[in-house]
Structure formats: structure tokens, C-alpha cells
Amino acid sequence: MAYSFPAAAAVFAEDVLQKGALLVVIDNDEFYKADDERYFKVSDTLNALQILANHHRDSLNIPLIAITGTNGKTTTKELVHAVLSSRFNTHATKGNFNNHIGLPLTLLDMKGDIDVAVIEMGASAENEIELLCQIAQPNYGLITNIGKAHLEGFGSLEGVKKAKGELFDYLRENNGKAFVNNDLNYLIEMSEGVYTINYGKDHLLHTYGKLTENLPYLRVLYDGDNIVNTKMPGDYNFYNIMAAICVGKYFNVPEDSIRRSLEDYEPNINRSQIVEYKGARVLLDAYNANPSSMKVAIESFYSQSQNGSRILILGDMFELGKDSNSEHKKVLSLLKEKNFENVALIGEEFKKASKEFDQFNYFVDYKMLKKWFDSNDWNGFDVFIKGSRAMSLEKLLT
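Under the working numbering, the first residue of the sequence shown is numbered 795, with each subsequent residue one higher.
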């Protein structure tokens, strides 16, 4: 068992050894003990962590499915994990441990009896997915979609596309296979030269289906006569479900096991959760927000609720750089277009974009929003809550 420490945390090395660790990997001369064989000195602990993870992954001859994308990657990862776990001993990323630190830790947590791994990959800049692929060595990959997120790091939508496409680049160079949403033309183009297993609405595909109901939970009909009654709201989750079905079918998971796994899955950690709060039905989607996910979520909520008895509470979308003002204005324009009567917006970015949209309620301070929210009676209302992670809007329900 090894622990890797950044310089600032090296002071805890002795403490973890006393608690049972067999070895510490350290790059700080001040805390390194050359006469103690439990101390292993390296030049860079992060690089050492990644190398250890890569060697461990290399020692396991198992299929590894990498999942990335702008929206839906964590939900898709959870659904794929649920489906594959019905047949295999499956290891998956916990939460969203999907970056240059979390991914190596996820790999190192794999036991020797694992049959298949489902690994989430996140990125906020170019070359990050490439690095994660070099560490994890996926033989399969899936990109959920490409949208406007982390524009501060990617620079543009094209930058997002290029960065996420690094997964397909790796598969192309290493004879991997990709699960591809055939209804998104740009994914078809990005996966050119890669062996693909396709899903979508066309009945000629490996896996095909359609959404037959979304009030409030999704019902999916796939491959002719297979029905899945999920506990998931939001028609934007349709393709996440289809991706999981496609992966399950490819790995020969029985149809009944696929269905049961998807029907038993319940959204959590503030992602597409429906909760009851003081007589209101709340769609809590407060884990994160970007222009792409905000748009589809608002449109989905619009189609599932009645005006006059619904309220939207939306928080700022972060890391949009120079596009922040225009993207927040687009959200306000969509709200105006849909004639939403009850809207509360929190954050400086929405406030800056509020000119010409004075029909909505604006809050810069969370305490004022909370006071306003608690002072109203939302009994019988449909409430939609969404914002960037740092906004922590789920606290409104506490």
C-alpha cells in the first residue's frame, strides 16, 4: 500500500505510517527519512502516483471502458456500471474522481478479481484526456456529447471537441472500440477510423430505441419490444440510458438483467433527483451547470410542468471566460421565450446579464435567496434547481 504526498502534505507521512501504511512515496527532502525503508523518495509524487496506477492497470488484463463528454458522463458511468455489475465483477470511478489525481487513485483501487472497469475521464483543458488515456489504457471509449463547458480552459466549443476527442484518438491509435451515439453527427465524424458500436433511434443500429414517456420518469422502448421503466426524470437522460443498454448488449448482459439494472437505478448526489419538499415536487439538478446542460434541462422542465405552479431557481455557470456574459444572456432569453413566471437567479454573472430581463428575481447573496425561498409557500409547485457546483444550491432544501 502506497501513499503519495504533495510537499504541503508530507508532514502527515509519519502519521499514516503509524496508522498502518506500509510505504510512503515522498518528494520532500525535509520530511524524507533515508534510514527508514518505509520511505520511498521520488522527484515528483504526482508523476509517481500516475506511474504506479499505470503499472497496476497494465497488470490486469481486463476490458476498461473510458467515458467522457460535456454532460452526462457521471450518470452514464453509473448506468453502465449498474448494467455490467449484473453479470460481472465491475469496478467503476467513485463519484467524479475523474482527473489526473482521482483517476490514478481509482485504478489503484482495482482488485485482482475485477472482470471489467468503467472509468470516467474529466478535463478542463487540452491534453488532459490524452494523459488520462495513457495512464488508464482504455480498450473501449464513449463520449456522451460535446457542449459549452470549461470554455475558460478550452477556449471555444471547437476546443472542447478537440480535447474530448483525444479519447477517440487514443482508441484509433491502439485498436480500441468506441460506443457512439449515431444521432450526433459530430460524434460519427470524430470516431472515423475507430471500430464503433452504435446506438440511437435508427432501427438498423446495434442498439436502437425511443422515448415513450417522460412524465416525470422516462420510459424507454428499445430493440423493438423491450421496455424499461426508469426512475430517471429529464428527456436529456434518454441517450445516457441508451448508452448503457448498448454497452450491456455488447458485453452479452441478458436483456432481463439490463432492464432490472436500469429500473433499479435511482439518481443521487444532486443529479436529476426528484425529491419532495414541503408539498413541492423538486427536480434537483444542482451538481453542476454549463450552457449546454442548462438549456436542455430548462426545456425538459418546461415540457413537464405547468406555468403558474412552477418555479426555477438557477445559479451562475462558472468557467466560461469571455463567453460568460453572452451565455448567461442566452439562458435569460430562453426563460423569457418560455414565458416562465416564477424565476429566481443567483450569482453575479446572471446579475450582470439582467438588463432587459427585469421580470425575474435576482440575488447576489445566498442568504437573501434562502430567506426569499423559505418565506414563500411552494406547496403544489414543481421546483427546478440547477447551478454550478460551487453554488451548492441543494442547501436550499435544508
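Cβ atoms here follow ideal geometry from the backbone N, Cα and C, with glycine treated the same way. A quick note: this is a predicted structure, and the numbers were derived from the prediction, not measured.
Test item: CB-CB of residue i and residue j under 9 angstroms
i       : j       : result
Phe1157 : Leu1139 : yes
Asn969  : Gly994  : no
Ile937  : Val877  : no
Ile1092 : Leu1187 : no
Lys888  : Gly935  : no
Leu1077 : Ile1068 : yes
Pro932  : Gln844  : no
Phe1154 : Val1137 : yes
Leu999  : Asp1029 : no
Arg1065 : Phe1178 : no
Asn992  : Ser1097 : no
Lys867  : Ile923  : no
Met1216 : Ala1080 : Not covered by the structure: residue 1216. The range shown for the chain is 795 to 1192.
Asn1224 : Ser950  : Beyond the ends of the chain as shown, which are 795 and 1192, falls residue 1224; an answer cannot be given.
Tyr1011 : Thr1024 : yes
Thr869  : Pro1048 : no
Met1036 : Tyr1016 : yes
Lys1164 : Leu1190 : yes
Asp821  : Ala842  : yes
Leu901  : Ile913  : yes
Assumed close pair residue i, residue j - CB separation to whole angstroms, cut-off 8 angstroms
i       : j       : result
Ile859  : Ala911  : 7 angstroms
Glu1121 : Lys942  : 7 angstroms
Ala886  : Lys871  : 6 angstroms
Phe1151 : Lys1132 : Actually they do not touch by this definition, with Cβ atoms about 13 angstroms apart.
Ile908  : Leu854  : 6 angstroms
Per-residue DSSP class, three states only, for residue i
i       : result
Val1177 : strand
Met1026 : strand
Asp1079 : strand
Lys1149 : coil
Asn979  : helix
Gln1067 : strand
Val1158 : coil
Leu1012 : strand
Lys971  : strand
Phe882  : coil
Beta-carbon contacts of residue i that lie in its chain and below 6 angstroms, excluding the five residues immediately before and after
i       : result
Lys1123 : Ala1147
Ser918  : His944, Gly947
Ser1099 : Asp1176
Reference residue i; option with closest CA among the options
i       : options                           : result
Gly916  : Leu902, Asn939, Asp903            : Asn939
Lys1180 : Val1125, Lys1161, Arg851, Lys1145 : Val1125
Pro857  : Glu986, Leu1012, Phe1045, Gly987  : Phe1045
Met1051 : Phe882, Ser853, Asp1110, Leu1015  : The question names Met, but residue 1051 is Ser in the sequence shown. Ranking the options by Cα distance to Ser1051, first place goes to Phe882.
Val874  : Arg1053, Val836, Tyr826, Phe834   : Arg1053
Gly1042 : Ser879, Arg1013, Lys1089          : Ser879
Own chain partners of residue i with C-beta closer than 7 angstroms, once the 5 adjacent residues on each side are dropped
i       : result
Asp809  : none
Phe1175 : Ala1074, Ser1103, Arg1104, Ile1105
Val805  : Phe825
Leu1114 : Leu945, Glu946, Glu1121
Close beta carbons around residue i, own chain, < 8 angstroms, minus the five adjacent residues each side
i       : result
Ser1086 : Thr864, Asn865, Asn939, Gly941, Lys942, Ala943
Any chain B beta carbon closer than 9 angstroms to residue i
i      : result
Ile991 : Among the chains of the structure shown, chain B does not appear; only one protein chain is present.
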